[in-house]
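In what follows, a structure is listed as structure tokens, so that the remarks can point back to it.
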């Protein structure tokens with residue numbers, strides 16, 4: 001594998017982890033978040049649903065257009081939104097702000113996953129790259 005091919009595959013693997021990290025961590029924090037914000041666990045489920053909805057909308061909205069976009073910029077903006085959403089979530093003054101910030105995080109995650117999926121599709125061995133990405137995520 002060439003250095004460029006290795007770098008591309010490494011970037012795809014990192015994007016997969018970044019794009020999916022929140023989906024694995026949030027369910028572990030339901031009780032703590034509900035207690036901290038004084039809301040029912042079902043409200044935390046709403047918050048997680050808002051994040052997943054924005055993830056889905058971003059991924060589905062970008063999928064038909066991603067080949068015409070600058071993937072590096074898309075990944076940078078997506079990562080920026082993830083960082084903004086996560087840092088903001090750590091200091092959210094109230095539950096409504098937390099929901100909005102988790103939605104921003106989901107938007108960024110969807111952007112990163114859309115970029116990653118398009119990059120996988122163009123790899124020399126897409127099945128192998130896709131498998132490696134999801135093995136690393138899980």
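Numbering (our numbering), first residue to last: 1 to 138.
Here a beta-carbon is modelled for each residue, glycine too, at the ideal position from N, C-alpha and C.
Taking the alpha helix (DSSP H) that residue i belongs to, which residues open and close that run?
| i | result |
| --- | --- |
| residue 42 | 41-62 |
| residue 90 | 71-90 |
| residue 36 | 30-37 |
Count the other CB atoms, across all protein chains shown, that sit within 10 Å of the CB of residue i; report buried if there are 16 or more and exposed otherwise.
| i | result |
| --- | --- |
| residue 55 | buried |
| residue 59 | buried |
| residue 32 | exposed |
| residue 87 | exposed |
| residue 135 | exposed |
Looking at residue j and residue i, is the spacing between their C-beta atoms short of 7 Å?
| i | j | result |
| --- | --- | --- |
| residue 102 | residue 29 | no |
| residue 115 | residue 65 | no |
| residue 44 | residue 34 | yes |
| residue 95 | residue 39 | yes |
Assuming residue i and residue j form a contact by the criterion Cβ under 8 Å, report the distance between their Cβ atoms to the nearest whole angstrom.
| i | j | result |
| --- | --- | --- |
| residue 112 | residue 120 | Not a contact, Cβ separation roughly 12 Å. |
| residue 118 | residue 36 | At roughly 38 Å, the Cβ-Cβ gap does not stay under 8 Å, so residue 118 and residue 36 are not in contact. |
| residue 99 | residue 50 | 5 Å |
Any chance the CB of residue i is under 6 Å from a heavy atom of the ligand PLP?
| i | result |
| --- | --- |
| residue 103 | As presented, the structure is devoid of all ligands, the ligand PLP included, so that no description of it is given. |
At least three beta-carbon pairs within less than 8 Å, the stretch 65-83 to the stretch 99-109: yes
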